[in-house]
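Since the structure comes first, as C-alpha cells, the remarks are kept for the end.
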C-alpha cells in the first residue's frame, strides 16, 4: 500500500459528559473504500466530521491528504468531497441549479449534465428539490459530494431513505468511484452495503473501534461456523437450542431463531429430534453463512439498527 | 470570486419562487401604501366640512354672522332648528353646530357680547385641527364686520418648507422606512432557514468563503430594498399625490440602502438566537412591532409623552424615518441629517459585529 490518505491516532472528542469518540486509530489507503459500521450514536459521524474539517477534535493526531483538516481550511476543502446527513437543500431550487451552484465553489468542477446522468437524475433535472423523493434527494447529495472531482470523498449514510433498487444503483455508482481510483470513506448501518462495497470495515460502538478488517475476514475471525435459521412459534428456547449438538451459539428474537454450528448435519439432526419431541413446528428453515450483522451482534450484543 | 454571482442568482430564485416572501416584501407594502394613499390622499384638498347653523335671533347682526360663515368655502353650512342640528351632530352628519342665541343682536348693539354656542365632538381630530380654527377665524371676521373696526395686528405666516405638508406627506416616507425595516430584519430569515436545513453546514464543507455567502445575501437584500423603495415612492406619488423632491431621490436611495444594511445586521443578530425559521418570527416581531408605533413613522414624535422619549431615541427606525421624510418631502427635521446617518451607521457596525461574533453554522 502507498502512503495512507488518512491517518488517525488516538482521536478523542466529547460533547459535555458524552465521550462520542473515545480513542480511535486507523489508516485509509489510497483507492480504498473504507466502511464505518455501527448503530446510531456509535461515533461514526463525529469521526467523519472531524476528518472533513467540520468539527474540532479534543485530542489525537489526524492527517488527511497530508493536511490537518482542523487548520488547513479552504485549501483542504477544495480537495475533498463531502456528503452530510439530513441536509435539506434550497427547496425552491431546481436540481441542475443546485449542482451548478455547488460547482461554482470550486476551480475544478465536473459538468453538471454529466453528474445528472451519472446519478440517473435526467428526468428530474428541472424538478425543484422539494419535489424529489427521499432517494432522489440522497442521490443529488452524493452528486454534490463529487462536484469537485475529489480524490477523497466522505459519504455519511448515503443510502438512507432509498428503496432497495435505488440502493443497488447507488452501490454501482460508488463502485464506479472506486474504479476511477477515488478513495471513499463510507458510514452505513446496512451490513449488505458494507459487505458489498468496502475493502475494509471498522465496526464502531460507544466511540471505539471494536473490530477492523475486510468484511470476509471479520466474518471468518468471528464465525468458523454457518448458521441455521428457522421460525418456530413456541416450545424452543435459546437455552434449549444452545444445548444441541455442535452448536457454538444461539440467538432468538421472538419466534425467529439462529443457531451457529460447526457441524451443520449433526446440529440439524438433533434440532429435528428436539422439535419432534416437543411437537414444535420448524418453518422457513435455511442454512446460511455468517454475515457482518452476526459479527456485530456477537461483538456488541445489539443489532445494527437498534 | 466566481461564486458570488451564482449565490446571488440563488437568492433571487429562492426569493421569487417563494410566494410568502414576495407577499410580505412587495405586495404587503404596496397594499399598505395604496390604502393610506386612497384614505389620506390629497384628493379632498378642496373638501368642505358640514357645519350646522342655528339662528334663534332675528336681528340683522345675526344675519351678518350667517353671511360671513357662508363665505368660508371650507364650511358647508346647513341652517336648521337646534334640536334637529344637535341630533345630526350626534349622528356624525355635522362636524360642529353653531348656535346664535336669542338676544345676540341686542347684545352686540349694546357692546356686551353674548357668546355663541359651538357644539362639537372633541374626539374627532379633523374637527379639532381644521373646523374649529376655521370657525374662530370666521368669528373674528364677523366681529370686525359688526363692530366696524379695522384689523391692527396682522400676521403673514411663513413656513420653513416651501410646501405645507399634509398627513399623507408625513406618513408615506414613514411607510417606506417601515418596508425597509421589514425587508432588512425579516430578510435574515433566509439565513436562519439555511442553517435550520443544515445547508450552512454543508456549505462550510466547501471552500466557499463566508464573506461571499454573506456578501451575496446582503447584496440581494439591498436590491430588494431598492426595488421596494422605488416602487413605493412611485405609488406614493401616483395614488397618494405626494409631491416628492425629485432632486433628493438618489440620496433617498442611498439612505434606504444604509437603513437596509443596518436592519439586515439587526436581523442577522436576532437570527443568532433562533434555531428555526418558526422561532425567528416572534423574535423579529417583538423587535419591529414597537418601532412601528413609537418611532414617529405614523404618529409625530412631539405627540408622545416625555417618559417614552428615551425609548424612541434608541430605535433605529426613528432615524431612518426622519432621514427619509426630510429627503423625500422636505419634512421638518427631528434630528440633523448627520445625526440620522451617524446613528444608522453605528447600528450597522455594532450589530454586524455582534452578528459575526454570534454566527454559527449550526
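Residue numbers (this note's numbering), protein chains in the order written: chain P, 2 to 307; chain B, 3 to 364.
Just so it is clear, CB atoms sit at the ideal spot from N, CA and C, and this is done for glycine as well.
Because the structure is a prediction, the values reported are computed rather than measured.
{"Check": "Given residue 156/P, which residues of its chain have a CB within under 8 Å of its CB, disregarding the five upstream and five downstream residues?", "Outcome": "84, 143, 146, 175, 185, 186, 187, 188"}
{"Check": "Do the stretch 31 to 44 of chain P and the stretch 195 to 210 of chain P meet, that is, are 3 or more Cβ pairs less than 8 Å apart?", "Outcome": "yes"}
{"Check": "Can you tell me the Cα-Cα spacing of residue 304/B and residue 175/B, whole angstroms?", "Outcome": "17 Å"}
{"Check": "Do three or more CB pairs link the stretch 211 to 226 of chain P to the stretch 286 to 295 of chain P at distances below 8 Å?", "Outcome": "yes"}
{"Check": "Under 7 Å, CB to CB, which of the residues in the stretch 82 to 99 of chain P have a partner in chain B?", "Outcome": "83, 85, 87, 88, 89, 90, 91, 93, 94, 98"}
{"Check": "Figure out for me which residue from 128/P, 173/P, 97/P, 158/P has the closest Cα to the Cα of residue 148/P.", "Outcome": "97/P"}
{"Check": "Could you confirm whether any beta carbon from chain B is found closer than 9 Å to the beta carbon of residue 45/P?", "Outcome": "no"}
{"Check": "Ignore the nearest five residues each way along the sequence and tell me which others in residue 6/B's own chain have a CB closer than 6 Å to its CB.", "Outcome": "214, 218"}
{"Check": "Residue 106/P touches chain B at which residues, Cβ-Cβ below 7 Å?", "Outcome": "5, 208, 209, 210"}
{"Check": "Pick helix, strand or coil for residue 183/B, following the three-state DSSP scheme.", "Outcome": "helix"}
{"Check": "From residue 207/P to residue 196/P, what does the alpha carbon distance come to, in whole angstroms?", "Outcome": "22 Å"}
{"Check": "Am I right that residue 136/B and residue 76/B are in contact with their C-beta atoms under 8 Å? What's the rounded C-beta distance?", "Outcome": "5 Å"}
{"Check": "If we call anything under 9 Å between Cβ atoms a contact, is residue 52/B one with residue 84/B?", "Outcome": "no"}
{"Check": "CA-CA distance, residue 8/B and residue 225/B?", "Outcome": "16 Å"}
{"Check": "I'd like the span of the alpha helix (DSSP H) that includes residue 14/B, first residue to last.", "Outcome": "6 to 18"}
{"Check": "In chain order, what residues of the same chain lie with their CB nearer than 8 Å to the CB of residue 295/B, ignoring the 5 residues before and after it?", "Outcome": "301"}
{"Check": "Using the rule of at least 16 other Cβ atoms within 10 Å of the residue's Cβ for burial, across every protein chain shown, is residue 81/B buried or exposed?", "Outcome": "exposed"}
{"Check": "In whole angstroms, give me the CA-to-CA distance for residue 231/B and residue 263/B.", "Outcome": "14 Å"}
{"Check": "Report yes if the C-beta distance between residue 302/P and residue 276/P is below 9 Å; otherwise report no.", "Outcome": "no"}
{"Check": "Name the two residues that bound the continuous alpha helix (DSSP H) containing residue 308/P.", "Outcome": "Absent from the structure is residue 308/P, since the part of chain P shown begins at 2 and ends at 307."}
{"Check": "Along the beta strand (DSSP E) that carries residue 98/P, what are the first and last residues, could you check?", "Outcome": "No beta strand (DSSP E) contains residue 98/P, which is instead part of the alpha helix (DSSP H) from 96 to 104."}
{"Check": "Nearest by alpha-carbon distance to residue 298/B: which of 223/B, 325/B, 363/B, 146/B is it?", "Outcome": "325/B"}
{"Check": "I'd like the list of long-range same chain contacts for residue 163/B, defined as Cβ closer than 6 Å, with 5 residues on each side in sequence excluded.", "Outcome": "Low per-residue confidence applies at residue 163/B: pLDDT is 49, beneath 50, and the placement is therefore not dependable enough to give any value."}
{"Check": "According to DSSP, is residue 146/B helix, strand or coil?", "Outcome": "helix"}
{"Check": "Just verifying my parser: in three-state terms, what is the DSSP assignment at residue 24/P?", "Outcome": "strand"}
{"Check": "I want to see whether chain B comes within less than 9 Å of residue 222/P, judged by CB atoms only; does it?", "Outcome": "no"}
{"Check": "Can the beta-carbon of residue 126/P be found less than 9 Å from the beta-carbon of residue 15/B?", "Outcome": "no"}
{"Check": "Report buried or exposed for residue 46/B, applying the criterion of at least 16 other Cβ atoms within 10 angstroms of its Cβ.", "Outcome": "Confidence is the limiting factor: at residue 46/B the pLDDT is only 49, short of 50, which leaves the residue's position unreliable, though a coordinate-based value still follows. Exposed."}
{"Check": "Is there a Cβ from chain P that is less than 9 Å from the Cβ of residue 46/B?", "Outcome": "Residue placement at residue 46/B is poorly supported in this model, since its pLDDT is 49, which falls under 50; the coordinates still yield a value, given next. It does not: the Cβ of residue 46/B has no partner Cβ on chain P nearer than 9 Å."}
{"Check": "How is residue 81/B classed by DSSP in three states: helix, strand or coil?", "Outcome": "strand"}
{"Check": "Look at the Cβ atom of residue 47/P, then the Cβ atom of residue 86/P, and state whether they are nearer than 9 Å.", "Outcome": "no"}
{"Check": "Shorter than 9 Å from the beta carbon of residue 231/B to some beta carbon of chain P?", "Outcome": "no"}
{"Check": "What are the uninterrupted segments assigned as alpha helix (DSSP H) that are 4 or more residues long and contained completely in the stretch 167 to 251 of chain B, given in chain order?", "Outcome": "169 to 189, 191 to 198, 201 to 206, 212 to 240"}
{"Check": "Taking a cut of 8 Å between CB atoms, which residues from the stretch 158 to 184 of chain P lie near chain B?", "Outcome": "none"}
{"Check": "Could you tell me which chain P residues have their CB closer than 7 Å to the CB of residue 307/B, listed as they occur along the chain?", "Outcome": "Within chain P, no residue comes near residue 307/B; the closest Cβ sits about 47 Å away, beyond 7 Å."}
{"Check": "Could you check if residue 165/B is buried or exposed, using at least 16 other CB atoms within 10 Å of its CB as the buried criterion?", "Outcome": "In this predicted model, residue 165/B has a pLDDT of only 48, less than 50, meaning its place in the structure is not dependable; the value taken from the coordinates is given anyway. Label assigned to residue 165/B: exposed."}
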